[in-house]
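From first to last, the protein sequence lines are chains A and B.
Residues in the first sequence are numbered consecutively from 17, following my numbering.
Residues in the second sequence are numbered consecutively from 17, following my numbering.
Structure record follows, encoded as structure tokens.
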Amino acid sequence: GAVVSQHPSWVICKSGTSVKIECRSLDFQATTMFWYRQFPKQSLMLMATSNEGSKATYEQGVEKDKFLINHASLTLSTLTVTSAHPEDSSFYICSAPKSRSRPDTQYFGPGTRLTVL
Amino acid sequence: AQTVTQSQPEMSVQEAETVTLSCTYDTSENNYYLFWYKQPPSRQMILVIRQEAYKQQNATENRFSVNFQKAAKSFSLKISDSQLGDTAMYFCALFQGGSEKLVFGKGTKLTVNP
């Protein structure tokens, strides 16, 4: 079946540095991908919708200049956390719809754990 | 606005027994879908079951079934013959056709005891 991968699975960085997280659809194309953030023992919160070839759509309260999203191809979306701070430490998950005809059913990546020191 | 409420933060069940997880939701749309996702300790999100709102018949997937009460906006998950591998966080989620976004409830931590 379709698979979504994320890289890296775990990253530690110093405060003030930038970190890039990749989300790839492995055997299908995704014009849209979604980025979620999950704090410990909490639910998934949608951060933004990544659109291939155009600007991402950010949810209310998410700083677009801090969380840069690029969706340069039909199989790759990247999330860059710029000038990361300890409060950005979280679990970041991406997802992609099964198909255009089934946008409701999402395939989820395994997630990336970000720790900012 | 769409909201999903899971009122049971934690639940436990004995192996081989049956457990029901509750979920209520709110939406103004007629075109929507409901889901239960499982998140084991690995944190990989796994789709458990999907329900199309326009279908009255309750969805079933092997040991997992739902009780979909559209008028009451209720969508509970029943797990029969619980297994140790069912231990996980379970999230109820709503997808609206208009916004094409998934909204998750806060989750229920289920522990299956041997």
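Yeah, the Cβ is synthetic: ideal placement off N, Cα and C, and Gly gets one too.
Inset, instruction - Using the Cα positions of I28(A) and K89(B), report the straight-line distance between them to the nearest angstrom. - result: 42 Å
Inset, instruction - Examine the Cβ distances between the stretch 63 to 79 of chain B and the stretch 103 to 114 of chain A and report whether three or more of them are shorter than 8 Å. - result: no
Legend entry - C-alpha gap between E45(B) and Q112(B), whole angstroms: 7 Å
Legend entry - Cβ neighbours of S38(B) in the same chain (closer than 7 Å, five flanking residues each side left out): Q22, S23, Q24 and S92
Inset, instruction - Output yes or no for whether 8 Å exceeds the beta carbon distance between S66(A) and T91(A). - result: no
Legend entry - Contact set between the stretch 114 to 126 of chain A and chain B, restricted to residues whose Cβ is under 7 Å from the partner: P119, D120, T121, Q122, F124 and P126
Legend entry - Nearest-angstrom Cα separation, counted from D102(B) out to R85(A): Rather than Arg, the amino acid found at residue 85(A) in this sequence is Ile. Their backbone Cα atoms lie some 35 Å apart in a straight line.
Inset, instruction - Would you mind reading off the limits of the beta strand (DSSP E) that contains T21(B)? - result: T19 to T21
Inset, instruction - State buried or exposed for Q122(A), treating a residue as buried only when at least 16 other CB atoms are found within 10 Å of its CB. - result: buried
Inset, instruction - Please work out which residues of its chain come closer than 7 Å, Cβ to Cβ, to Y48(B), disregarding the five sequence neighbours upstream and downstream, and give them in chain order. - result: A69, L110, F111, Q112 and G113
Legend entry - Contacting positions in the stretch 38 to 70 of chain B - beta carbon closer than 9 Å to chain A: Y48, Y49, F51, Y53, Q55, S58, R59, Q60, M61, I62, L63, R66 and E68
Inset, instruction - Could you tell me which chain A residues have their CB closer than 9 Å to the CB of G121(B), listed as they occur along the chain? - result: S59
Legend entry - Listed by chain order, chain A residues near E116(B) by CB distance under 7 Å: P119
Legend entry - Counted within 10 angstroms of its Cβ, other Cβ atoms place S34(A) as buried (16 or more) or exposed: exposed
Inset, instruction - Check whether the Cβ of F111(B) lies closer than 8 Å to any Cβ atom in chain A. - result: yes
Legend entry - Beta carbon proximity, F107(A) to chain B, threshold 8 Å: yes
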